[in-house]
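Take a look at the structure below.
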Amino acid sequence: MFRVYLGLGSNVGDRLNNLKKAIGELEKVVKILNISSVYETEPWGVQNQERFYNSVVEVETELYPIELLEKLQQIELKLGRKKYTHMQARTIDIDILLYHGWSYETNKLAVPHPELERRRFVLEPISEIAPLAVHPILGKTMISLLRHCRDKSVVMRTIYTLKTDNLKK
0 MFRVYLGLGS
10 NVGDRLNNLK
20 KAIGELEKVV
30 KILNISSVYE
40 TEPWGVQNQE
50 RFYNSVVEVE
60 TELYPIELLE
70 KLQQIELKLG
80 RKKYTHMQAR
90 TIDIDILLYH
100 GWSYETNKLA
110 VPHPELERRR
120 FVLEPISEIA
130 PLAVHPILGK
140 TMISLLRHCR
150 DKSVVMRTIY
160 TLKTDNLKK
């Protein structure tokens, strides 16, 4: 089994419900171990969009990176995501952030996520559930990356949590 951290984000429609639906779909393909709080965040890169709800999910899977990516893209499409365009509003976005301490790159996927250490909206939730997880290229923990992150965008923990039937939180 491989331990993987997934980033979830939504800024179209009922953002919280979109994240809940994504958790429900993820449960069908991976074992969910932990889920961060939901954070409300500014859009990153393109400012003329609605604010995002973001969360990070720790999972176990038997799927290899590309197989997992394909499953995640199927979930995104099922939940209403339009074509894969960079930095646009979306009903759901599911990114592979860390994959079992591996570094992996193809023309379809780079792991760890190439922007991970630059994005406070990912570092806050991943540091909540896995502060000592190590970036396999930089050799730094998530909490260390968060402390040194230059991204000054506003990331606010909400009162919302995402739960599953199989996860006691």
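In numbering that gives the first Met the number 0, the protein residues as written are 0 to 168.
The C-beta atom is built at its ideal place from N, Cα and C for all residues, glycine as well.
Small disclaimer: the values here were computed from a predicted structure and weren't measured.
Same chain, Cβ closer than 8 Å to residue i, five either side skipped, listed in chain order
i    : result
Y159 : L15, S36, V37, Y52
Contact set for residue i: own chain, Cβ-Cβ below 6 Å, skip 5 residues either direction
i    : result
T157 : V37, E39
I136 : S102
L71  : I93
S126 : M141, I142, L145
Alpha-carbon to alpha-carbon, residue j and residue i
i    : j    : result
L122 : S143 : 10 Å
K19  : V154 : 20 Å
E69  : D150 : 30 Å
M141 : S152 : 17 Å
M0   : V29  : 10 Å
E59  : N33  : 10 Å
I74  : V133 : 27 Å
L145 : I128 : 13 Å
D13  : R50  : 12 Å
Proximity of residue i and residue j at Cβ, strictly below 8 Å
i    : j    : result
N17  : L76  : no
L96  : P111 : yes
L5   : I93  : yes
E61  : R2   : no
P113 : V55  : no
Nonlocal neighbours in the same chain, by C-beta distance under 7 Å from residue i, ignoring five residues either side
i    : result
Q48  : N10, P42, A88
T163 : I22, E26, I31
P64  : I95, Y98, Y103, L108, V110
K168 : With a pLDDT of only 43 at K168, under 50, the local geometry of the prediction cannot be trusted, and the value read off the model is given with reservation. Counting only Cβ-Cβ distances below 7 Å, and skipping sequence neighbours, we find I34, T160, K162.
The alpha helix (DSSP H) enclosing residue i, as first and last residue numbers
i    : result
V121 : 119-128
Unbroken beta strand (DSSP E) run spanning residue i, endpoints
i    : result
E57  : 51-60
M0   : Unbroken run through M0: none, as it is neither H nor E.
E39  : 36-40
I95  : 92-98
R156 : 154-160
Three or more C-beta pairs below 8 Å linking the region 86-106 and the region 7-14: yes
Three CB pairs or more closer than 8 Å across the region 20-31 and the region 114-130: Segments in contact, no.
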